[in-house]
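Residue numbers (my numbering): 597 to 722.
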């Protein structure tokens with residue numbers, strides 16, 4: 597997922613929103629503003645390495661719990677005296693999540709695009 601294609605898709609969706617009637621457009625923005633997510637918040641939650649909170653923020657509950665469990669496993673291993681193994685587990689999950697940190701804008705914009713698509717499909721006359 598690259599930011600350019602995600603942004604292009606976002607622009608296409610925004611053009612479709614502009615074509616809605618005034619009342620529909622107002623309804624769209626009211627609902628969208630309640631559901632949309634902020635890329636900066638996602639990035640901060642990821643940057644702080646708070647064990648998957650950025651996944652919970654986007655509603656990816658299962659992935660958040662997996663991330664939290666792996667992080668907790670790493671901490672448990674450190675407490676049990678297997679510091680090198682615990683540190684390796686935490687380092688591994690951190691490296692996996694580092695990609696999400698650098699792609700936070702694309703990830704959240706894609707998430708918001710899916711919300712826009714869902715709302716547009718609900719508001720368009722059938």
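Heads up, the beta-carbon is just placed ideally off N, CA and C, and yes, glycines get one too.
This one's a predicted model, so the numbers in the text were calculated from it and none came from an experiment.
Secondary structure at residue 597, three-state DSSP: helix, strand or coil?
DSSP places residue 597 in coil when its eight states are reduced to three.
Do you know how far the Cα of residue 714 is from the Cα of residue 623?
Distance between the alpha carbons of residue 623 and residue 714 is about 13 Å.
In angstroms with no decimal places, state the Cα-to-Cα distance between residue 640 and residue 674.
Near 25 Å, if we compare the C-alpha coordinates of residue 674 and residue 640.
Kindly indicate which three-state DSSP category residue 618 falls into: helix, strand or coil?
Three-state result, residue 618: helix.
Taking the C-alpha atoms as reference points, what is the distance between residue 601 and residue 708?
Their Cα atoms are separated by approximately 14 Å.
What do you get for residue 647, buried or exposed, if any count of 16 or more other CB atoms within 10 angstroms of its CB means buried?
Label assigned to residue 647: buried.
Which residue from 679, 690, 614 puts its Cα closest to that of residue 664?
Nearest C-alpha to residue 664: 690.
Would you kindly check if the distance between the Cβ of residue 650 and the Cβ of residue 702 is under 8 Å?
Against a cut-off of 8 Å, the Cβ pair of residue 650 and residue 702 comes out as no contact.
Below 8 Å on the Cβ atoms is my contact criterion, and I expect residue 669 with residue 685 to pass it. Report the Cβ-Cβ distance as a whole number of Å.
Between residue 685 and residue 669 the Cβ distance is about 6 Å, and since that is below 8 Å, they are a contact.
Can you give me the start and stop residues for the alpha helix (DSSP H) that residue 647 sits inside?
Element bounds for residue 647: n/a, residue is neither H nor E.
How many angstroms separate the CA atom of residue 644 from the CA atom of residue 617?
Those two C-alpha atoms are separated by around 42 Å.
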